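Quick note, the sequence shown lines up with residues -22 to -1, 1 to 535 if you use mature numbering (1 follows the signal peptide of the UniProt record, and there is no 0). The beta carbon of each residue, even a glycine, is placed where N, CA and C say it ideally should be. As the structure is a computational prediction, the values presented were derived from the model and not from experiment. Here the structure is laid out as structure tokens; the discussion comes afterwards.
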Amino acid sequence: MKSRIIAVVLALALIVSGAACSTERTKSPTGQVVDTLKLAMGGATSYTQNFNPFSPAANKSPLMNLIFEPLIRVNRADAMKVEPWLAKSYEFSSDGKKLTFHLRDDVTWSDGQPFTSADVKYTLELPTTTNGLAVAPIPDLGSIETPDEHTVVVNYTKPELHDLTNYSKIPRAIVPKHLWEKQDPVKWTNKEPVSTGAFTLESFSPQSIRLKVRDNYWNGKFNGVKHVEIKPFASEESGKQMLLKNQITWAGMSWQNYQTDFVGADPQHNHYWTYPAGFSTGLLFNMKKGPTTDVHIRRALYAAINADDLSKLFNSGTKTANPTGLEPDTWGSYLPSDLANVRHQQNVELAKSELKASDYTVENGTLTKGGKSYPITLITNSDDSTWNTYGPAVQEQFKQVLGLKVKLNAEPGQSWSRDLGNGDFQMIQQYLLSGDDIWASLNAQLNSSYVVPIGKTAVANQGRFENPQVDKLLNQMAQTLDTNALKQRTAEISKIIVDQVPYAPLHSATYYVNVNSTDWIGWPDPKSAEYIPHITQPVDATITIQHLKPNPEKAAR
């Protein structure tokens, strides 16, 4: 379980079937055929040719989600519903210790070899049999059986019902045994990847990766895209300029003042959409030391923050968070009715009354108790441009509402991560309740089994929250996949969260989608989308590309 949490944390410190239609290509005014979708991935000035998704190497090729595929898909547009992909169905045994996948029988590898249960067994066992991979082993794995070519049985040593959604992620994407078993999977760079996915590598250079759509892709044909070109950009500003100039069509960046600077520059073609990720960003309180061990102080601090005003300072389209930390657009049906549609609001009177109810007073801007001063520091991640704006504003809100002079410490990401794990903070910027599964999201944030002493690294529940009733409810959730039972337990936990305030959710975590539709149309409507058109999402990115069509406007010019 802990290895699973580490994988989630690392990922953060960094979402239907396609129609088979005509693929007639459109010509631009210059006569050039429009059949290439250009997109970009930031954070690099060049790319390394390493298509090994499990490699421990620091530099690997981007967007391997377009090449490799998982067994299942998590539908982020439908409350994280698990849907078939390479596996056409699955079922757990009654004791939750056996998970059986029934594979599709019409899938082939891009080299023409059949996709079978042997490939799945090899891939899923790889992190257990091979040391040094950048992939965590399946938790509590006992054995994997393959009764036939299209059936895989994963045997756990204890119930692991909520491990299911992890089979939707790239760390468990399936690779071809007939090629990989001949290589050292730790050192191999897999320069010419073979996969079940829709794309094969056409050409590679440090400045451009070109992929080609397979003619025999198992999930049908594409509406128009024949090639995908991936370009690097070192900074978000350079990526934004590429979008504005139509040098790329698709990216995934938060964009301050997007309405004016991007959409307003060409309202017909420039689109900026946000999709909920299901969790929140905000502040985590330390429950084991200092003034934040007092629930009244935590309530006062949270009530003092005006998240709506913060959004105005860095207007990137995010919503103010639900006070539970769960995003209502994703998990609304799991929340109690009195919380399902609530967004955090500043409450000055409540903040002051909670401060008064605490064991502390404010003297010269500092919390004081028994004649001793207890200064408070807010730690933020300086690598996060949003919080470089939010941090000083939150600091000022504490001063205006409570008279508190809170010190702001913006730390580089590595230092921020270290202090978070070690509990060396009073308040710290943090991702809250991240995960694809309702139990996993709550468990990682709240389960007391993760609590370790201050100074030792906690892989989860870094705030050191402990509540016997929450532990009991989480244990009950771990033993069922029954939706009604999960909703009931989630509702009970939600009320405890709102009462105890172990953290302060401020904004909903968001997938940002930037599109210049000059060349390509067919993007999903965010109001009715059945998939998330974000370039990093396993499966969903492929589905998005599959639906795109050449823009007829360009041919008509």
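According to DSSP, is residue i part of a helix, a strand, or is it coil?
i              : result
threonine 238  : helix
glycine 256    : strand
threonine 4    : The pLDDT assigned to threonine 4 is 44, lower than 50, so where the model puts this residue is not dependable; a value taken from the coordinates is nonetheless given after this. Strand.
serine 412     : coil
glycine 9      : Unreliable positioning characterises glycine 9 in this predicted model, as indicated by a pLDDT of 49, which lies under 50. The coordinate reading is nonetheless provided below. The answer is coil: DSSP assigns glycine 9 none of H, G, I, E or B.
threonine 108  : coil
glycine 310    : helix
threonine 143  : helix
valine 326     : helix
glycine 419    : The sequence as given places serine at residue 419; glycine does not occur at that position. Three-state result, serine 419: helix.
proline 31     : coil
asparagine 494 : strand
alanine 299    : coil
tryptophan 158 : helix
proline 528    : strand
serine 395     : helix
isoleucine 23  : It is threonine, not isoleucine, that sits at residue 23 in the sequence shown. Three-state DSSP puts threonine 23 in coil, outside helix and strand.
serine 427     : helix
isoleucine 148 : helix
asparagine 486 : Sequence inspection shows serine at residue 486; the asparagine mentioned does not correspond to that position. Strand, per DSSP.
asparagine 133 : strand
proline 92     : strand
glutamine 407  : strand
threonine 101  : helix
asparagine 400 : helix
glutamine 515  : coil
Taking the CB atoms as reference points, tell me whether residue i and residue j lie closer together than 7 Å.
i                : j                 : result
methionine 19    : proline 31        : no
valine 113       : isoleucine 122    : no
phenylalanine 29 : asparagine 168    : yes
glycine 303      : leucine 410       : yes
leucine 459      : phenylalanine 443 : no
residue 573      : glycine 369       : Residue 573 is absent from the structure shown; the chain starts at -22 and stops at 535.
arginine 51      : valine 430        : no
aspartate 497    : asparagine 453    : no
threonine 174    : lysine 190        : no
serine 24        : threonine 296     : no
isoleucine 474   : isoleucine 406    : no
lysine 75        : tyrosine 134      : yes
serine 472       : leucine 317       : yes
isoleucine 513   : glycine 230       : yes
tyrosine 250     : valine 241        : yes
valine 476       : proline 301       : yes
serine 186       : lysine 209        : yes
histidine 274    : glutamate 332     : yes
leucine 15       : valine 206        : yes
leucine 81       : histidine 128     : yes
tryptophan 228   : valine 12         : no
phenylalanine 79 : alanine 57        : no
tryptophan 87    : proline 154       : yes
arginine 54      : isoleucine 510    : yes
Can you give me the start and stop residues for the beta strand (DSSP E) that residue i sits inside?
i                 : result
histidine 80      : 76 to 81
aspartate 126     : 119 to 126
arginine 51       : 50 to 53
phenylalanine 376 : Where phenylalanine 376 is concerned, there is no enclosing beta strand (DSSP E), although the alpha helix (DSSP H) it sits in stretches over 363 to 380.
tyrosine 509      : Where tyrosine 509 is concerned, there is no enclosing beta strand (DSSP E), given that its DSSP letter is neither H nor E.
serine 67         : 65 to 70
lysine 59         : 59 to 62
alanine 18        : 14 to 20
lysine 350        : 350 to 352
isoleucine 357    : 355 to 359
threonine 339     : 339 to 341
lysine 347        : 344 to 347
Terminal residues of the continuous alpha helix (DSSP H) containing residue i?
i              : result
leucine 41     : Per DSSP, leucine 41 belongs to no alpha helix (DSSP H) and is neither H nor E.
isoleucine 275 : 273 to 282
asparagine 387 : Not the alpha helix (DSSP H): asparagine 387 falls in the beta strand (DSSP E), residues 385 to 389.
isoleucine 523 : 518 to 525
serine 289     : 285 to 291
Does the structure place the region 220 to 234 close enough to the region 391 to 402 that three or more beta carbon pairs sit under 8 Å?
no
When the Cβ atoms of the region 82 to 101 are set against those of the region 466 to 486, are three or more pairs found closer than 8 Å?
no
Going residue by residue through the region 432 to 476, where are the continuous alpha helix (DSSP H) segments of at least 4 residues, counting only ones entirely within it?
List check, alpha helix (DSSP H) in window: 446 to 456.
Quick one: which unbroken alpha helix (DSSP H) runs of 4-plus residues sit fully inside the region 182 to 227? Chain order, please.
Note on the region 182 to 227: whole alpha helix (DSSP H) runs with a minimum of 4 residues are 214 to 222, in chain order.
Does the region 309 to 327 come close enough to the region 261 to 275 to have 3 or more Cβ pairs within less than 8 Å?
Contact between the region 309 to 327 and the region 261 to 275 is absent: fewer than three C-beta pairs spanning the two stretches fall below 8 Å.
Answer yes if the region 197 to 204 comes into contact with the region 519 to 529, meaning at least three C-beta pairs across the two stretches below 8 Å, and no otherwise.
yes
Touch test, the region 358 to 378 against the region 278 to 294, Cβ-Cβ under 8 Å, three pairs minimum
yes
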